[in-house]
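Read the structure below first, then the notes.
In full-length UniProt numbering, the protein residues as written are 1 to 679.
Right under this line is the structure:
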């Protein structure tokens, strides 16, 4: 037999022990001193004795002591003004209903059926309540010994009272309260009785703010609580509404929770409607609310609600112009379909420069003569308008010399296009291929590695909000006319986790695995936990491509595994890209070492992106020639290739700081070790 805890921490917020057998146990009086308690639920626990006085618990939202053997009177002192649910049904309570149940401003459910209560019912329980059209109060007092109702027997709208099984039902004036629940004959007033009389135009509906019929156009919001600290939302509904509307600078009656449902996790998904004070929000107000939701700038809610995520934000037709106005951000242009069709000669196939999962990429020339890259979404890649505008808003806030800049967008004629600065030297993958016209020398490869790392570090630490790229690869690193590396394609990116109310930042985001084979962090693949170190792994693979020219996966072999074998066999120089020309020995060793650290299987063994940047800067600063990393030394200069002597001793490395990447004679490897040929 279990026993109920006598000493419970006074800082406890939720105490729920339903369906236990505490036979012979009374509820300790000390429960009435739990000053931080929000919820006390001891339903069906075989408890006996008197009900404790809970009037000294100022934050109490939910009290459920139903289906026990409690006896004696209900304590007369007034409960918390925040109380939403009082559940005392199926006990042996006696005495009268306390007058202090009257006028509790947030009460939604008063459930005291199947007891032995006597005397009169104070109608002020429901008469002294102000309910908007979307709120309800249910009072269940069936099967007691109640003899009368004091005060008016008229019910306000949205109030339901059940009284069958009481002596007062013999009074002809009160029989309207005494139908059975199964017959649906309770005395109640439904909010739908009024709304049926309202005839509103499209995009408008009856507003809960007005007592009468008033048509208004709401904003529709899909919202999810990712880890709430409760399993029953109703007791916390008022607190949630207060918290969210306060953060949005609205009044509570402007928020209506249209529906909610629990999902696996548990997570609580809900659909909200935000109503204007008048018949519609003005443009600036729409822009303000959209920005608060989509940029995660709503002030932190109480810890019990946990973190949230925005599922969607639907702007009805009346607000469409406002939504487009909200995207007119400095530095980002809204193009018409006609402007981009003209720039690409009506999307002529001769202007196509690439194609990916999103669609085709076109080279365009705008009317001002500037050259741009236009990504045109193909059928199947089109997003909802909200998602598309959200991506634009996010991209427009990313400004770094090592990120491809967004110039503008087009969202009309059933088209979605993103306009970027044009990168005349294509992708890093193109420049590492055997068909590249100008093979990159080591200095330039190191410069590209450093630029890429700086761009990704910006995403992790300085972007607002921070971002995990999730699809770093050589084909997503572009090179401009000066071969400056710029990270591109945030189509799979995810927002990094943000601090909770206590300032704690989660280290990962749980997500469906996305990315490109060969670049995927193995720990992310196994656990679905995306972290900043996932991007570090992918960039490490790019570093290995820069050093070897290999592709991540080729002929059934994996670049990370191949390089590790060569490294552990002291054969690292046998797999260096033969098109790289001469290079400083020590710098190449350090670069290989860094790349392999980035590609460690365990997340904790990898460096942070900041550490990657620092190490690359250190390697660059120790290059033998001061100008070795400038754009003037971009390509392989065959005339400078120096072939080292047969010995690979440390003394010869000092004497000959540059060695050649042409190691076909295997001068640098043991004759008994197999040579791993470049791919």
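For glycine and all other residues, C-beta sits at the position ideal for the given N, C-alpha and C.
- Residue 460 carries a helical assignment under DSSP once its states are collapsed to helix, strand and coil.
- The shortest C-alpha to C-alpha distance from residue 536 to any of 452, 619 and 206 is the one to 452.
- Taken through DSSP and simplified to helix, strand or coil, residue 30 comes out as helix.
- Shown here, residue 425 sits in coil according to DSSP, grouped into three states, outside any helix or strand.
- DSSP places residue 571 in the coil class of the three-state scheme, outside both helix and strand.
- In the pairwise beta carbon analysis, the stretch 222-238 is classified as touching the stretch 301-313: at least three pairs are separated by under 8 Å.
- Within the same chain, Cβ atoms closer than 6 Å to the Cβ of residue 560 are found at 599, the five residues on either side in sequence being excluded.
- For residue 372, the uninterrupted beta strand (DSSP E) run begins and ends at 371-377, by DSSP.
- Judged by DSSP secondary structure, residue 270 falls within the beta strand (DSSP E) whose first and last residues are 267-274.
- In the three-state reduction of the DSSP assignment, residue 177 falls in the helix class.
- Taking the C-beta atoms as reference points, residue 146 is found nearer than 8 Å to residue 121.
- Nearest to residue 616 by alpha-carbon distance, out of 515, 267, 334 and 587, is 587.
- In this structure the stretch 411-426 lies against the stretch 477-484, because at least three pairs of beta carbons, one per stretch, are closer than 8 Å.
- Residue burial annotation: residue 359 is buried, with at least 16 other C-beta atoms found within 10 angstroms of its C-beta.
- Considering only 29, 179 and 44, the residue with the shortest C-alpha distance to residue 21 is 44.
- Inclusion of residue 308 and residue 223 in the CB contact set at 8 Å is warranted, their separation being smaller than that value.
- Ranking 141, 539, 57 and 226 by CA distance to the CA of residue 607 puts 539 first.
- Non-local C-beta neighbours of residue 248 in its own chain, meaning closer than 7 Å and more than five positions away in sequence, comprise 289, 292 and 298, ordered along the chain.
- Here residue 25 carries a coil assignment [DSSP, helix/strand/coil].
- In the DSSP secondary-structure assignment, residue 118 is bridged to 145.
- Sequence-distant Cβ neighbours of residue 341 in its own chain, meaning closer than 8 Å and more than five residues away, are 347.
- Counting the other CB atoms within 10 Å of its CB gives residue 254 a total of 16 or more, which places it among the buried residues.
- Rounded to whole angstroms, the Cβ separation of residue 316 and residue 217 is 6 Å, and the two are in contact under 8 Å.
- Around residue 566, the same chain offers 572, 574, 575 and 676 as residues with beta carbons nearer than 7 Å, after the five sequence neighbours per side are excluded.
- Within the DSSP bridge table, the entry for residue 109 names 85 and 138 as partners.
- Following the DSSP letters along the chain, one finds residue 94 inside the beta strand (DSSP E) bounded by residues 92-94.
- Using a 10 angstroms sphere on the CB of residue 25, the tally of other CB atoms reaches 16 or more, which defines it as buried.
- Going by beta carbons, residue 258 and residue 273 fall inside the 8 Å limit.
- The C-beta separation of residue 85 from residue 109 comes to about 5 Å, placing the pair in contact by the 8 Å criterion.
- Scanning 314, 523, 579 and 136 for the CA closest to the CA of residue 440 turns up 579.
- Secondary-structure assignment with DSSP links residue 557 through a beta bridge to 554.
- Among the bridge pairs identified by DSSP, residue 97 is matched with none.
- Secondary structure of residue 355 (DSSP, three-state): strand.
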